[in-house]
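Residue numbers (this note's numbering): 80 to 340.
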Amino acid sequence: MFRSLWQYRHFVLSSIRNELVSRFARSKLGGLWMIINPLSQVLIYALIFSNVLAAKLPGIDNKYAYAAYLMSGLLAWTLFSEIISGCLNVFIDRGDLLKKMSFPRITLPVIVIGSCLLNNMLLFSATLGVFLVLGQQFNLVMLWLFPLTFIVVMLATGIGLVLVIINVFLRDIGQAFSIVLQIWFWLTPIIYPVSIIPESYRDLLRLNPMYAITTAYQQVLVYGHAPIMGDIVIVSVIALAFILLSLFLFRRASSEMVDML
80 MFRSLWQYRH FVLSSIRNEL VSRFARSKLG GLWMIINPLS QVLIYALIFS
130 NVLAAKLPGI DNKYAYAAYL MSGLLAWTLF SEIISGCLNV FIDRGDLLKK
180 MSFPRITLPV IVIGSCLLNN MLLFSATLGV FLVLGQQFNL VMLWLFPLTF
230 IVVMLATGIG LVLVIINVFL RDIGQAFSIV LQIWFWLTPI IYPVSIIPES
280 YRDLLRLNPM YAITTAYQQV LVYGHAPIMG DIVIVSVIAL AFILLSLFLF
330 RRASSEMVDM L
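If you want it as structure tokens, here you go:
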């Protein structure tokens, strides 16, 4: 499987490029929209939550700290949700292509992941730009974002591949998991700080792997602290388990998926 991915690497890269080109076809600003859209999003959050709502974080004497907290969590969640959402229907949407051409099927979700990573890099650049304007301090702890991003991609890819395989045989999965993602988002402390949750319920948050991830992003970008290693190791093990499960299911179901499509 990995050897076939390497052999078709040019197909993957060209597909990612073509997707970006087609997205901004006949647009005068072109690729600038990839910066403008996420930048406008983070600016809106900075304005509404910091100025209008006057939300602040305990322990930080900066009226824009809550905006930084919110954008840090969204940076992790956006990558996670986009990969899963993109993978959910990737085989169904390209069913005709799978029937007419012979190529490694694993390349399709890899193309989705590549596009989502590129979008997230641009969102990260826009977020850093806003952080600089807001006076947020940066340090070497930010290097933690590289392994954290890798863990998010692993977790989202593992879950996304499991779901896309099941979705081929049971189409309700794609519809149902969109609702699950919305519930999952609100069960993760992104919009609200974890301090508002009663202590008796906080242990339940550890059942949510994205809690550890978003908290790690917030610790790195907002507080300038390294993430808690124990939580990161646990999420890494969960992500690896999903990856192995998804690859096992993919190898078992790959030959039958085309018939179902």
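Beta carbons are placed, not taken as given, at the ideal position from N, Cα and C, and that holds for glycine. This structure is a prediction, so every number in the text was calculated from the model and none was measured.
- With contacts defined by Cβ atoms closer than 9 Å, I192 and A318 do not form a contacting pair.
- Within a 10 Å sphere around the beta-carbon of N246 sit 16 or more other beta-carbons, which makes this residue buried.
- Annotation: the continuous alpha helix (DSSP H) that includes N199 extends over 186 to 213.
- Judged by beta-carbon spacing, M80 lies beyond the 9 Å limit of F321, meaning their Cβ atoms are not closer than that value.
- For the pair L197 and R88, the Cα-to-Cα distance works out to about 16 Å.
- Distances from the CA of S94 to each of L176, S194, V314, Q120 were compared; the closest alpha carbon is that of S194.
- In this structure, V232 is the residue among L240, S325, I123, V232 with its C-alpha nearest to the C-alpha of S315.
- Straight-line measurement puts the Cα of M336 at about 33 Å from the Cα of Y290.
- In the pairwise beta carbon analysis, the segment 141 to 156 is classified as touching the segment 269 to 279: at least three pairs are separated by under 8 Å.
- Judged by DSSP secondary structure, A295 falls within the alpha helix (DSSP H) whose first and last residues are 288 to 297.
- T206 and Q297 have their alpha carbons spaced roughly 13 Å apart.
- Of K178, Q215, I190, I244, the smallest CA-CA separation from R331 is found for I244.
- Contact check for A155 against I276 fails: the beta carbons are separated by 9 Å or more.
- One alpha carbon belongs to F210, the other to M180, and they sit about 46 Å apart.
- In the three-state scheme derived from DSSP, where H, G and I count as helix and E and B as strand, R173 is classed as coil.
- Within the same chain, I163, F321 come within 7 Å of I238 by CB-CB distance, once the 5 residues on both sides are set aside.
- In the three-state reduction of the DSSP assignment, F229 falls in the helix class, which pools H, G and I.
- In the same chain as L122, and ignoring 5 residues on each side of it, no C-beta atom comes closer than 6 Å to its own.
- At a Cβ-Cβ threshold of 9 Å, L158 and T267 do not count as neighbours.
- Scanning its chain for C-beta atoms nearer than 8 Å, with the 5 sequence neighbours on each side dropped, one finds around W223 the residues A295, V299, A305, P306, in chain order.
- Sequence-distant partners of I252 (beyond 5 residues in either direction) whose C-beta falls short of 8 Å from its own C-beta, in its chain, are L167, L242, I245, N246.
- With 16 or more neighbouring CB atoms inside 10 Å of its own CB, L240 falls in the buried class.
- DSSP, read as helix, strand or coil, puts R250 in coil.
- Beyond the five residues adjoining it in sequence on each side, L84 comes within less than 8 Å, by CB distance, of V91, P183, I185, T186, V189 in the same chain, given in chain order.
- Around the beta-carbon of S279, fewer than 16 other beta-carbon atoms lie within 10 Å, marking it exposed.
- Given a length threshold of 4 residues, each whole run of the alpha helix (DSSP H) inside the segment 257 to 331 is given here in chain order: 278 to 281, 288 to 297.
- Residue environment analysis places F170 among the buried positions, since at least 16 neighbouring C-beta atoms fall within 10 angstroms of its C-beta.
- Between L202 and Q86, the gap from beta carbon to beta carbon reaches 9 Å or more.
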